[in-house]
Every structure is written in C-alpha cells, then in structure tokens.
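Engineer:
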Amino acid sequence: SCFTKCIKSENEHENENFSIVEYHHLTELGLIQTHEDYVEEFLLDIKTRLPNGVHLRIDYQLLKKVTDNFQRDAIRINCSKINYFYQTY
Numbered sequence: 286s287c288f289t290k291c292i293k294s295e296n297e298h299e300n301e302n303f304s305i306v307e308y309h310h311l312t313e314l315g316l317i318q319t320h321e322d323y324v325e326e327f328l329l330d331i332k333t334r335l336p337n338g339v340h341l342r343i344d345y346q347l348l349k350k351v352t353d354n355f356q357r358d359a360i361r362i363n364c365s366k367i368n369y370f371y372q373t374y
C-alpha cells in the first residue's frame with residue numbers, strides 16, 4: 286500500500302541523516318542480557334562499522350532472532366568481521 290511505502294521511505298531518509306559509528310579499536314563486545322534493538326544497532330552495517338576480529342559475547346537464541354536465522358543481508362558485513370560467538374545462559 287502507499288501508506289506502507291511512504292513510511293518505509295521516511296524511515297530510509299531518517300537513517301540517511303545519521304553518521305555511521307566506527308569502532309576502530311573495539312576487540313570485544315559483550316551483549317549479555319541486552320535488548321534486541323541494541324544488538325541490531327551494533328550488527329547493522331548502516332549504523333555501525335565493526336573492525337575485523339571482534340569477539341562477541343551474546344545469547345545464541347537472541348543472535349539467531351535478530352539475524353533472522355543468519356539470513357538477514359543487512360547484518361552480513363558486520364557479522365563477517367566477528368571471530369567468535371559465545372553462547373550465554
């Protein structure tokens with residue numbers, strides 16, 4: 286519908302107004318007991334750029350949910366830079 290397209294277009298323009306945050310010296314990222322919105326913020330390459338070799342500590346089920354079972358294109362660039370996924374309980 287037009288409404289859905291207009292909302293999507295507005296959201297795309299909102300994202301264009303923000304700079305991409307780069308974490309050049311980040312070596313470890315702990316996202317334990319973190320809301321999925323924050324996990325998404327770090328993994329989306331349109332919002333953040335992670336350096337190669339980051340060690341990620343996160344609940345596996347949450348990671349699977351945020352990445353749509355590791356099929357979501359928008360997170361592939363940052364996820365490819367992560368060395369390890371630690372399963373937490």
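Under the working numbering, think of the first position of the sequence shown as 286, with each following residue one higher.
Don't be surprised by glycine CBs; every beta carbon is placed ideally from N, CA and C.
Source: prediction; values computed, not measured.
With a 10 Å radius around its C-beta and 16 neighbouring C-beta atoms as the bar for buried, classify N337 as buried or exposed.
Structural biologist: Exposed, by the Cβ-count rule.
Engineer: For L329, would you say it is in contact with chain B, using Cβ-to-Cβ distances shorter than 7 Å as the test?
Structural biologist: Among the chains in the structure shown there is no chain B, since it carries only a single protein chain.
Engineer: Just to confirm my understanding: we take E325, look at its own chain, exclude 5 residues before and 5 after, and list those with CB closer than 7 Å. What are they?
Structural biologist: Counting only Cβ-Cβ distances below 7 Å, and skipping sequence neighbours, we find V351.
Engineer: Sorted by chain position, which residues of the same chain lie with C-beta nearer than 6 Å to F370's C-beta, five sequence neighbours on each side aside?
Structural biologist: The answer, listed in chain order, is L341.
Engineer: In whole angstroms, what is the alpha-carbon distance linking L329 and I362?
Structural biologist: One C-alpha to the other measures close to 8 Å.
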